[in-house]
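Everything below concerns the one structure shown next.
Residue numbers (full-length UniProt numbering): 1 to 542.
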């Protein structure tokens, strides 16, 4: 009788996953799961659409034999486990824990021909666990929470082995066209992520109890997974971390600080991290929920982390998400507009034309939310930079479409064939920097700001407009320049004539200075020639 009662109790695993670095099944197999394979194929089917195959028996694992990954299984035998529908309600939680313990075993997916039956058995068991977590009625016990977190940790937390890939970045645009590296263990990882997502989102998960296991070390390990090369994994992580942020209020400051540290390391040390775009998407939602007035902590986060994210060369990989976050700050507190604009000017690219176009796109969105008082504080440095952009002769060979919407941007939806202009008669692409800068005058709110401050702005940009109208190599830029020039002339003819007269006087001075310089150099050349001739004379001694 006692044996029958004990047989129904959940078996404890040999060692806790909190000590996953020990020598044994979990450590050896976890490392195998962490190996990356670029040849893995994407599996886009959702969890709910996968039918559970009842013909595959559930199994429990005996860990009496040391696990090996050299082609043999890491366990000696299986013990059949019934399905949840085959046991009374009083035994379901015990069966749930047994199945969780069974799924702690990690298979080697580097060889797709190994352990096919056992891998499928684990997959079906994971699907049953997902259904159980979804349909459970009643709060999860502390033991169940502990076992869930042990299984999730055993399967997800692993060391990444990045595949050797040549990083081709030109002008801030990643030209690597290969498909992203897919994790070969995804058939199991996907279901583990789905189970964890439903566990965190479940109303039956008591946050006060669960925070003992979803603690700060766990959150740090979860953030480390954002560096995965598999975009499917990063998408799940993004959703899960957002759920954790919403449910566990005690962890919110720590999550923000940890993301901040990831950004610091990325900006100032490595410039390599796969999950920056996903982290920025989470932050966009967080920033949107900030209470007003903004805390000083949040403003410092903008200045110290968000604005410096414009520095790395790979800005194109996450710029749309970053631009959304920056705009959210300005819309929350219009006084931050000057801070943001000055920050953009600080990191403005000098020779990278495609990056300049991205900066101009973001600048337009920021200026739309800028109040006149803040605009006046940055007029001079802003339009000095825009004047340089107007005279740019660069053109963009890799074209990136605009995202004017304030909805969540999607990098995959970029229209790589879009350009702001068409090809010229000679077949050359338009110089997008100058063209994009001139398009600011097509935005009504920005044009109104410019008109209100024209007495300061026109003297700064008039030389650039005049040089474009006379000498720019591209016909489209010349036409747009003439349109902008006419706007100022019609608006304030007197100011326009003053600027034109000053430009002509400056031109005359430049011509005079150039003539004097040429004359001085010519005189120096004559003196040098005379000195050389005199040195060539030979003095014959008496």
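Here a beta-carbon is modelled for each residue, glycine too, at the ideal position from N, C-alpha and C.
Cβ neighbours of residue 144 in the same chain (closer than 7 angstroms, five flanking residues each side left out): 93, 96 and 97
Residue 102 lies in the alpha helix (DSSP H); which residues open and close that run? 89-102
Please report the straight-line C-alpha distance between residue 531 and residue 524, rounded to a whole angstrom. 11 angstroms
One question on the structure: do residue 503 and residue 458 come within less than 7 angstroms of each other, judged by their Cβ atoms? no
Residue 443 versus 365, 114, 308 and 207, residue with shortest Cα-Cα distance: 365
State yes or no: is the C-beta of residue 104 within less than 7 angstroms of the C-beta of residue 154? Judged by beta-carbon spacing, residue 154 lies within the 7 angstroms limit of residue 104, meaning their Cβ atoms are closer than that value.
According to DSSP, is residue 480 helix, strand or coil? DSSP places residue 480 in helix when its eight states are reduced to three.
Should residue 202 and residue 243 be called a contact, given that it needs their Cβ atoms to be closer than 7 angstroms? no
In whole angstroms, what separates the C-alpha of residue 60 from that of residue 324? Low confidence applies to residue 60: its pLDDT is 46, below 50, so where it sits in the model is not reliable enough to give any reading.
Pull up the distance between the alpha-carbon of residue 254 and that of residue 301, whole angstroms please. 13 angstroms
Taking contact to mean at least 3 C-beta pairs separated by less than 8 angstroms, is the region 510-521 in contact with the region 461-479? no
Minimum C-alpha distance to residue 146 - residue among 386, 391 and 215: 215
Among 91, 87 and 122, nearest to residue 100 - alpha-carbon criterion: The shortest Cα separation from residue 100 among 91, 87 and 122 belongs to 122.
Classify residue 294 as helix, strand or coil using the three-state DSSP reduction. coil
Limits of the unbroken alpha helix (DSSP H) element including residue 459: 454-471
Leaving out five residues before and five after residue 534 in sequence, what residues of the same chain have Cβ atoms less than 8 angstroms from its Cβ? none
For residue 136, which residues from the same chain have a beta carbon less than 8 angstroms from its beta carbon, with the 5 sequence-adjacent residues on both sides left out? 202 and 204
Close-in-space but distant-in-sequence residues of the same chain around residue 499 (CB under 6 angstroms, 5 per side omitted): 458, 459 and 462
Residue 346 versus residue 278: straight-line alpha-carbon distance, rounded: 25 angstroms
Of the residues 486, 124 and 495, the one placed nearest residue 441, counting alpha carbons only: 486
Of the listed residues 198, 211, 438 and 83, nearest to residue 236 (C-alpha basis): 198
Apart from the five residues on each side of it in sequence, which residues of its chain come closer than 7 angstroms, Cβ to Cβ, to residue 133? 195, 198, 199 and 202
Whole-angstrom distance between residue 465 and residue 282, CA atom to CA atom: Inter-residue distance for residue 282 and residue 465 is about 42 angstroms (C-alpha atoms, whole angstroms).
Would you say the region 291-298 touches the region 339-358, given that touching needs at least three Cβ pairs under 8 angstroms? Contact between the region 291-298 and the region 339-358 is absent, because fewer than three Cβ pairs lie under 8 angstroms.
Would residue 348 pass as a contact of residue 385 if the rule is Cβ separation under 7 angstroms? Contact: yes.
Return the chain-ordered list of same chain residues with a C-beta closer than 7 angstroms to the C-beta of residue 467, the five sequence neighbours on each side being excluded. Excluding sequence neighbours, residue 467 sits near 391.
Are residue 360 and residue 437 touching if we call contact CB-CB under 7 angstroms? yes
Under 8 angstroms by Cβ, that's how I've got residue 482 and residue 451 pegged, so tell me the actual separation to the nearest angstrom. The beta carbons of residue 482 and residue 451 sit about 18 angstroms from each other, so the pair does not count as a contact at 8 angstroms.
Proximal residues to residue 318 (C-beta, below 7 angstroms), its chain only, five neighbours per side dropped: Around residue 318: 276, 277 and 280.
What do you get for residue 315, buried or exposed, if any count of 16 or more other CB atoms within 10 angstroms of its CB means buried? buried
Apart from the five residues on each side of it in sequence, which residues of its chain come closer than 8 angstroms, Cβ to Cβ, to residue 273? 226, 227, 262, 265 and 266
Could you tell me the distance, in whole angstroms, from the CA atom of residue 247 to the CA atom of residue 375? 39 angstroms
Length-filtered (3 minimum) beta strand (DSSP E) runs lying within the region 232-311: none
Just to confirm, is the Cβ distance from residue 379 to residue 328 under 7 angstroms? no
Of the residues 238, 284, 432 and 156, which one's Cα is nearest the Cα of residue 354? 432
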